[in-house]
Amino acid sequence: MFESFYGLTRTPFVRDIPTGEMYESVMLDETLGRLEYAAERQLFAVITGDCGTGKTTTIRRFTETLDPARFKSLYLSDSKLTPRHFYKGLLEQLGCEAKFYRGDAKRQLHREIELMRGIHHLQPVVIVDEAHLLDREMLEEVRFLLNFKMDAQSPMALILVGQSELWDRLRLQAYAAIRQRIDLQCKLSHYDRAQVGEYILRHLRYAGAQSDIFSDGAIDDIYQFSSGSARLINKICTHSLLYGAQNKHRIIDDRMVKHVIQGELS
Ligand SMILES: Nc1ncnc2c1ncn2[C@@H]1O[C@H](COP(=O)(O)OP(=O)(O)OP(=O)(O)O)[C@@H](O)[C@H]1O
Ligand SMILES: [Mg+2]
Numbered sequence: 005m006f007e008s009f010y011g012l013t014r015t016p017f018v019r020d021i022p023t024g025e026m027y028e029s030v031m032l033d034e035t036l037g038r039l040e041y042a043a044e045r046q047l048f049a050v051i052t053g054d055c056g057t058g059k060t061t062t063i064r065r066f067t068e069t070l071d072p073a074r075f076k077s078l079y080l081s082d083s084k085l086t087p088r089h090f091y092k093g094l095l096e097q098l099g100c101e102a103k104f105y106r107g108d109a110k111r112q113l114h115r116e117i118e119l120m121r122g123i124h125h126l127q128p129v130v131i132v133d134e135a136h137l138l139d140r141e142m143l144e145e146v147r148f149l150l151n152f153k154m155d156a157q158s159p160m161a162l163i164l165v166g167q168s169e170l171w172d173r174l175r176l177q178a179y180a181a182i183r184q185r186i187d188l189q190c191k192l193s194h195y196d197r198a199q200v201g202e203y204i205l206r207h208l209r210y211a212g213a214q215s216d217i218f219s220d221g222a223i224d225d226i227y228q229f230s231s232g233s234a235r236l237i238n239k240i241c242t243h244s245l246l247y248g249a250q251n252k253h254r255i256i257d258d259r260m261v262k263h264v265i266q267g268e269l270s
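With our numbering applied, the sequence shown covers 5 to 270.
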């Protein structure tokens with residue numbers, strides 16, 4: 005496809021970019037720092053951000069850098085998560101078959117976590133992605149994980165990850181009990197114009213590009229249309245590269261980006 009035309013050895017702007025090749029914004033570094041702190045201290049953290057701003061990718065990087073001799077990460081991402089699936093999902097990742105009843109499964113999970121901490125000296129890091137989709141009952145259930153030994157000690161680091169409306173909900177009075185227990189909060193923001201340029205360059209460098217492909221004007225338009233959301237940048241860049249290669253343009257300029265956005269993406 006466009007890779008050979010632009011002399012690329014890998015495909016840029018893909019979802020599964022290796023975490024070592026990610027664009028490292030200040031925001032990414034800060035978020036990773038906070039997540040590590042939450043893991044170390046076994047805290048309750050909440051990460052929010054608009055869709056496509058890189059939350060799941062940040063978590064992927066975080067879990068890959070956790071020392072497996074000290075931490076055990078458990079990751080759930082299920083929009084229709086029910087308490088039963090929640091315990092089942094976590095227990096499965098610990099290699100256990102969950103008991104049928106919710107109460108039993110919950111006790112079973114607490115026991116497994118105690119074993120993990122006491123015998124294997126591993127600190128659990130539970131991550132629940134897409135948490136903005138959880139209903140109130142489910143959010144309470146997740147929060148109850150922390151109510152271990154009557155709140156005296158935290159049995160795990162708990163990280164809720166979700167779109168910005170998660171934070172809007174947690175601000176409501178009905179969620180005060182959860183909100184009060186949050187130790188750390190991070191908000192991922194959209195990239196600014198300079199960061200969009202750096203982001204594009206990073207993906208192109210990963211793909212092995214030898215020279216610039218997008219003109220400054222093109223990057224201006226990509227920034228405007230994407231509002232600095234990584235997923236949208238990926239989409240516009242991929243469509244532009246396809247269009248550019250089909251029409252044999254070595255440099256992608258603003259006119260081409262506009263054409264792609266108007267024709268294929270708006
Ligand atoms: N720092 C980064 N470096 C390189 N690519 C990134 C980075 N952050 C995000 N991306 C890219 O952007 C895409 C969207 O990011 P991601 O899926 O993490 O967003 P999200 O915030 O989890 O979105 P949603 O709210 O829809 O779940 C990823 O597939 C990845 O390709
Ligand atoms: Mg996500």
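A virtual CB, placed ideally from N, CA and C, is assigned to each residue, including glycine.
Touch test, the stretch 105-112 against the stretch 50-57, Cβ-Cβ under 8 Å, three pairs minimum: Pairwise C-beta distances place the stretch 105-112 out of contact with the stretch 50-57, as fewer than three of them are shorter than 8 Å.
I204 beta carbon near ligand 1 (any heavy atom closer than 7 Å): If you check the C-beta of I204 against ligand 1, you find no heavy atom less than 7 Å away.
Beta-carbon contacts of K252 that lie in its chain and below 8 Å, excluding the five residues immediately before and after: Taken in chain order, the residues that qualify are F9.
Check: Y79 C-beta below 7 Å from any heavy atom of ligand 1: It does not: the Cβ of Y79 is nowhere closer than 7 Å to a heavy atom of ligand 1.
Spatially closest choice to R88 from M142, E268 and L36, by CA coordinates: Closest by alpha carbon: M142.
Any non-hydrogen atom of ligand 1 within 7 Å of I240 CB: Not under cutoff, so the answer is no.
Nearest-angstrom beta carbon gap, F48 and R197 [assumed within contact, 8 Å]: About 35 Å separates the two Cβ atoms, so there is no contact after all.
Simplified DSSP state of C241, which is helix, strand or coil: In this structure, C241 counts as helix in the three-state DSSP scheme.
Limits of the beta strand (DSSP E) - the one that V50 falls within: Per DSSP, the continuous beta strand (DSSP E) segment holding V50 begins and ends at F48 to G53.
Distance between beta carbons of A73 and A161, contact taken as under 8 Å: Contact doesn't hold; Cβ gap of about 16 Å is too wide.
Reduced DSSP category for Q167 - H, G, I as helix; E, B as strand; rest coil: Three-state DSSP puts Q167 in coil, outside helix and strand.
Beta-carbon spacing of G93, E134 below 8 Å: Taking 8 Å as the cut-off, the Cβ atoms of G93 and E134 do not count as close.
Distance CB(A234)-CB(L12) smaller than 8 Å: Taking a C-beta distance under 8 Å as the contact criterion, A234 and L12 do not qualify as a contact pair.
Beta-carbon gap between A178 and R140 smaller than 8 Å: Cβ atoms of A178 and R140: closer than 8 Å.
D133 beta carbon near ligand 2 (any heavy atom closer than 7 Å): It does: the Cβ of D133 is within 7 Å (strictly closer) of some heavy atom of ligand 2.
Three-state secondary structure assigned by DSSP to K191: Strand.
Given Y247 as reference, the closest of E25, E268, L78 and P22 once Cα atoms are compared: Checked all of E25, E268, L78 and P22; the closest Cα to Y247 is E268.
Heavy atom of ligand 1 within 7 Å of Y27 beta-carbon: Checking the 7 Å criterion, the Cβ of Y27 is within range of a heavy atom belonging to ligand 1.
Segments of 4+ residues assigned as alpha helix (DSSP H) that fall wholly inside the stretch 85-147: As far as the stretch 85-147 is concerned, its whole alpha helix (DSSP H) runs of at least 4 residues are 87-97 and 106-122.
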